[in-house]
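K.L.:
First residue of the first sequence: 80, per the numbering used here; consecutive thereafter.
Before we start, here is the structure in question, set down as structure tokens.
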Amino acid sequence: MIDLQHIRDDSQGVIRRYAVRQFDASDLVHRIKELDIERRQAQKQLDDTLAEANALARSIGELFKSGKGQEAATLKERSGELKQLSKALQTSLDAAAGELDELMTRLPMLPHPLVPPGNSEADNVVIREEGSMPKLHPGAMPHWELAKKHRLIDFEAGTKVTGAGFPVYTGQGARLQRALISFFLDEATRAGYTEVQPPLMVNPASAFGTGQLPDKDGLMYHVPAEDLYLIPTSEVPVTNILRDTILEEKELPVKYTAYSVCFRREAGSYGKDVRGLNRLHQFDKVEIVQVCHPGKSYAALDEMVAYVASLLEKLELPFRIVRLCGGDLGFASALTYDMEVYSAAQERWLEVSSISNFETYQSQRMKLRFRPEKGKNQLAHTLNGSALALPRIVAALLENHQSDSGISLPKALQPYMGSESIR
RNA sequence: GGAGAGAUGGCAGAGUGGUCGAUUGCGGCGGUCUUGAAAACCGUUGAGGUGUAACAGCCUCCGGGGGUUCGAAUCCCUCUCUCUCCGCCA
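Right, dumping it as structure tokens:
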């Protein structure tokens with residue numbers, strides 16, 4: 080949720096900023112403005128009524144003590160009236176506050192000034208490209224054929240056991256998964272992130288906290304018997320560790336890293352997008368999460384982008400950094416950079432990481448605050464990014480590093496794999 | 001899954017109908033003392049809303065929801081969670 084104060088201060092400016100997302104917020108914002116005033120008026124009236132009732136109850140108590148039951152009885156009448164009144168006021172307050180909350184959750188995050196306007200992927204801005212494009216030998220294969228040739232992944236077995244999008248990794252393929260997870264966690268730890276191992280299912284409050292609910296309900300697998308959701312990313316449980324907490328300013332930034340399996344329903348996807356490892360229902364990912372002082376969150380975002388770039392360099396993969404345009408920006412994010420690796424045999428860029436600053440969007444929902452040196456408690460900023468998601472990394476590693484004699488491994492992975500190549 | 005106990009401020013732990021947002025201890029912060037520190041002593045220390053230039057003031061919050069009462073942390077109902085014992089189990 081965005082801070083209501085923005086709308087109070089400058090509703091026209093808010094509407095203008097939403098236009099960058101191709102989002103016409105004018106009706107919503109105007110209604111919110113009305114409801115905000117309505118709510119405060121109701122609140123004031125209720126408070127005044129309750130104040131009178133409290134005072135009355137106190138004097139009735141006094142009268143009873145000093146044996147003036149008669150006078151107390153008179154006051155009780157007024158007390159009854161106030162009770163009626165406060166109930167009515169409470170009802171109208173709840174109505175206004177309820178609608179206000181509901182409308183507020185429909186507003187996406189305000190985009191950062193750097194966000195380029197635009198409708199779709201095509202309007203995203205490539206801000207950096209690194210690494211050289213591999214030159215493949217004749218007869219080079221896409222990763223799903225390489226995976227078969229080297230017996231790394233058994234897609235058919237996964238389909239039999241569970242369904243499409245749930246691959247079985249075998250032999251060196253399984254080991255590669257483990258190697259990448261260890262490599263990513265070791266790197267993140269070295270970069271100052273604390274490793275955590277979160278639950279793979281979350282309750283609705285957590286799913287709401289990071290913005291999966293109500294906006295992306297259909298994206299997650301739901302377990303109805305327990306009303307729990309399988310996590311689509313460890314961002315959800317990891318960030319929610321700090322839900323409803325007030326940190327000391329000196330504790331910031333909090334930096335967590337977590338490996339987890341991720342589950343996504345991905346309804347409606349088809350075609351080349353879902354071929355091989357390109358899009359799965361279950362996949363592995365190492366995530367990095369930061370909780371920051373508001374004044375430092377964009378420096379943290381840059382730091383996270385640089386960190387993920389360093390991973391891709393160590394994996395010897397060509398990549399580019401893309402700044403998402405307004406139309407492609409996630410609901411909860413103020414600014415997002417996507418990291419894409421080039422998958423040589425498919426001749427396309429694959430998104431392997433998405434790094435976002437949510438500013439106070441999540442912390443507002445989660446009541447994640449910090450105590451500044453001076454002044455009132457403030458909402459912290461939350462950020463996260465993949466570092467990294469495995470399947471497309473595996474796809475790119477296989478495709479880009481293939482040769483007649485097998486698949487060579489980047490130096491950084493060799494200790495984890497115990498070999499220099501996959502044959 | 002069965003039986004019982006409990007849920008209070010950062011933590012521990014009082015409080016069973018009337019200035020209780022809450023005794024006290026620990027922790028934290030500020031101060032006195034000290035060359036410095038410790039100890040001791042004094043003071044201070046929850047969150048949200050409303051309001052204000054800023055204070056003040058006012059309202060709400062003692063797991064969640066509902067009820068009884070002029071008045072509830074305290075009584076009643078209900079839900080959730082935690083703990084102990086038993087059963088099952090990696």
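Glycine included, every Cβ here is placed at the ideal spot set by N, Cα and C.
With 16 as the cutoff for other CB atoms within 10 Å, does ALA226 come out buried or exposed?
P.N.:
It counts as buried.
K.L.:
Excluding the 5 residues flanking GLU430 on each side, which residues of the same chain have their C-beta closer than 6 Å to its C-beta?
P.N.:
If we look at GLU430 and ignore the five residues flanking it on each side, its Cβ neighbours are ASP417 and GLU419.
K.L.:
With DSSP as the reference, please indicate the residues paired to ASP363 in a beta bridge.
P.N.:
VAL340, per the DSSP bridge assignment.
K.L.:
When the Cα atoms are used, what is the spatial distance from GLU200 to LYS295?
P.N.:
Answer to the nearest angstrom: the Cα atoms are 19 Å apart.
K.L.:
Could you tell me whether the Cβ atoms of LEU488 and SER500 are closer together than 8 Å?
P.N.:
Yes, the Cβ-Cβ distance between LEU488 and SER500 is below 8 Å.
K.L.:
Spell out a yes or no on whether the segment 395–412 and the segment 192–209 are touching, meaning 3 or more CB-CB pairs, one atom from each, closer than 8 Å.
P.N.:
Taking 8 Å as the limit for Cβ pairs, the verdict is that the segment 192–209 does touch the segment 395–412.
K.L.:
Taking DSSP's pairing of strands, which residues face VAL420 in a bridge?
P.N.:
According to DSSP, VAL420 bridges with PHE398 and LEU429.
K.L.:
Within 10 angstroms of its Cβ, does LEU193 collect 16 or more other Cβ (buried), or is it exposed?
P.N.:
Under this definition LEU193 is an exposed residue.
K.L.:
In the structure shown, what three-state DSSP assignment does ALA388 receive?
P.N.:
Here ALA388 sits in helix by DSSP.
K.L.:
What does the alpha-carbon distance come out to for the pair LEU380 and ALA411?
P.N.:
Answer to the nearest angstrom: the Cα atoms are 15 Å apart.
K.L.:
Return the CA-CA distance between ASP504 and LEU292, expressed in angstroms with no decimal places.
P.N.:
No statement about residue 504 is possible, as the shown extent of the chain runs from 80 to 502 and does not include it.
K.L.:
Using 8 Å as the threshold, is the C-beta distance between LEU394 and ILE472 below it?
P.N.:
Cβ atoms of LEU394 and ILE472: closer than 8 Å.
K.L.:
DSSP on SER487, reduced to helix/strand/coil?
P.N.:
Of the three classes helix, strand and coil, the one that applies to SER487 here is strand, per DSSP.
K.L.:
To the nearest angstrom, how far is the alpha carbon of GLU209 from that of GLU392?
P.N.:
Rounded to the nearest angstrom, the two C-alpha atoms are 8 Å apart.
K.L.:
Grouping DSSP H, G and I as helix and E and B as strand, with all else coil, what is THR241?
P.N.:
It is coil, neither helix nor strand.
K.L.:
Report the CB separation of PHE424 from MET280 in whole angstroms; it is logged as a contact under 8 Å.
P.N.:
The displayed chain sequence assigns Ala, not Phe, to residue 424. Incorrect: roughly 36 Å between the Cβ atoms, too far for contact.
K.L.:
Using CA atoms only, rank isn't needed, just tell me which of ALA121, LYS446 and LYS364 is closest to GLY464.
P.N.:
Nearest option by C-alpha distance: LYS364.
K.L.:
Could you name the residues that DSSP lists as bridge partners for ILE320?
P.N.:
DSSP output for ILE320 lists no bridge partner at all.
K.L.:
Tell me which residues share the same chain as LEU172 and place their Cβ nearer than 8 Å to its Cβ, disregarding the 5 neighbours each side in the sequence.
P.N.:
Correct list, in chain order: ARG118, ALA121, GLN122 and LEU125.
K.L.:
If you measure between the beta carbons of ILE434 and MET383, is that distance less than 8 Å?
P.N.:
Contact flag set, yes.
K.L.:
Using a Cβ-Cβ cutoff of less than 6 Å, which residues in the same chain neighbour ALA475 once the five nearest sequence positions on both sides are dropped?
P.N.:
Correct list, in chain order: LEU396, VAL420 and SER422.
K.L.:
Any chance you could list the beta strand (DSSP E) runs of at least 3 consecutive residues sitting entirely within the segment 214–290, in chain order?
P.N.:
If we require 3 residues or more, the beta strand (DSSP E) runs fully inside the segment 214–290 come out as 273–275.
K.L.:
How about PRO373 and PRO316: are their beta carbons less than 8 Å apart?
P.N.:
No.
K.L.:
May I ask you to report which of helix, strand or coil DSSP gives VAL194?
P.N.:
Coil.
K.L.:
Based on Cα-Cα distance, which residue from LEU164, PRO451, TYR272 and LYS228 lies nearest to LEU129?
P.N.:
Ranking LEU164, PRO451, TYR272 and LYS228 by Cα distance to LEU129 puts LEU164 first.
K.L.:
Among all the DSSP beta bridges, which residues are the ones paired with LEU477?
P.N.:
Note: LEU477 sits in no beta bridge, so no partner.
K.L.:
Of the residues GLU330, CYS341, ARG96 and VAL333, which one's Cα is nearest the Cα of LEU298?
P.N.:
When only C-alpha atoms are compared, the closest one is CYS341.
K.L.:
Under a Cβ-count criterion, where at least 16 other Cβ atoms within 10 Å of its own Cβ denotes burial, should PRO246 be classed as buried or exposed?
P.N.:
Counting Cβ neighbours within 10 Å, PRO246 comes out buried, since at least 16 surround it.
K.L.:
Ordered along the chain, which non-local residues of its own chain (more than five positions away) have a Cβ less than 8 Å from that of ARG96?
P.N.:
Result list for ARG96: LEU189 and PRO190, in chain order.
K.L.:
Quick check: the Cα distance between TYR272 and ALA253, rounded to an integer number of angstroms?
P.N.:
Near 26 Å, if we compare the C-alpha coordinates of ALA253 and TYR272.
K.L.:
With distances taken between CB atoms, is the gap from GLU366 to SER313 smaller than 8 Å?
P.N.:
Their beta carbons are under 8 Å apart, which means GLU366 touches SER313 by this criterion.
K.L.:
Report the CB separation of ALA267 from THR336 in whole angstroms; it is logged as a contact under 8 Å.
P.N.:
That pair is a contact at about 4 Å.
K.L.:
So who's on the other strand from GLN457, going by DSSP bridges?
P.N.:
According to DSSP, which records beta bridges pairwise, GLN457 is partnered with PHE449.
K.L.:
Taking the Cβ atom as the reference point for each residue, do GLY250 and GLN361 lie within a distance shorter than 8 Å?
P.N.:
No, these two residues do not count as a Cβ contact at 8 Å.
K.L.:
Considering only the beta carbon of each residue, do ARG448 and ALA459 sit closer than 8 Å?
P.N.:
Cβ atoms of ARG448 and ALA459: closer than 8 Å.
K.L.:
Excluding the 5 residues preceding and the 5 following MET496 in the sequence, name in chain order all residues of the same chain whose CB lies nearer than 8 Å to its CB.
P.N.:
Only GLN251, ARG254, LEU255, ALA258 and LEU488 meet the Cβ criterion.
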